[in-house]
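In the UniProt record's numbering, the protein residues as written are 1 to 227.
Right, here's the structure in full:
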């Protein structure tokens, strides 16, 4: 296999791992989409996808069952190896979750504005706009809102940050569910996401960092968590 093909298959393997660990689209025992659908979603041919699946099967992350498909294995390597499982058990209050976000997510956004590839930036903007559409159409925005913040985190290109995403996603999901109690959060989300996206498009790291900090601070205030 050529070096370029090897690099592509490695990137594909990494994306599949992200789907399992960060986006949490697939759990242990779940079946992956068929080759055609998954290759189309990833924007690649089936050849590098097959190589990625072979690799992930060899390291005991996926299991290929003939005639049935490819399944996610229950592998401890997919669990949080940096102790965030225990951290998540401790951080159970919304206030604690948002304090963690306020501490790290502005810095994550700062790094993303500097390190995101053009393709990654497009994905951030896509989910940001999709979240806006969901809000304006009074539809559930949970998944696209989580994806917006997840894509920013992935674009920071720091594996430790990726390990924290389940905790960040927990607070996002909780906030969305409680929006009916604090409807002003919807307008904050619209305004703040737009500002974050504009700064990211301009590669303005300080502006993006400040916009994310303002966004989280507004939600903290809306929930009266700053006492």
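Even for Gly, the Cβ is constructed at its ideal location relative to N, Cα and C.
Since the model is a prediction, treat every value here as computed from it, not as a measurement.
Residue range 142–154 is occupied by the alpha helix (DSSP H) that includes residue 142, with no beta strand (DSSP E) assigned at that position. In the three-state reduction of the DSSP assignment, residue 104 falls in the helix class, which pools H, G and I. DSSP lists 72 as the bridge partner or partners of residue 62. Taking 8 Å as the cut-off, the beta carbon of residue 168 is found closer than this to the beta carbon of residue 101.
Contact between residue 42 and residue 32 is ruled out by a C-beta separation of about 11 Å, above the 8 Å threshold. Here the segment 189–205 makes contact with the segment 99–113; the two share three or more CB pairs at distances below 8 Å.
Here the alpha carbon of residue 119 sits roughly 14 Å from the alpha carbon of residue 153. Sequence-distant partners of residue 45 (beyond 5 residues in either direction) whose C-beta falls short of 8 Å from its own C-beta, in its chain, are 39. If you ignore the 5 residues before and after residue 132, its C-beta comes within less than 7 Å of the C-beta of 190 and 193, all in its own chain and listed in chain order.
Burial is judged here by how many other beta carbons sit within 10 angstroms of a residue's own beta carbon; residue 69 has fewer than 16 and is exposed. Membership of residue 191 in the alpha helix (DSSP H) is indicated by the continuous run 184–201.
For the pair residue 146 and residue 188, the CB atoms are not nearer than the 8 Å cut-off. Within the same chain, and ignoring the five residues on either side of residue 197 in sequence, the residues whose Cβ sits closer than 6 Å to its Cβ are 125 and 128. Comparing alpha carbon positions, the residue from 164, 173, 162 and 220 closest to residue 184 is 220.
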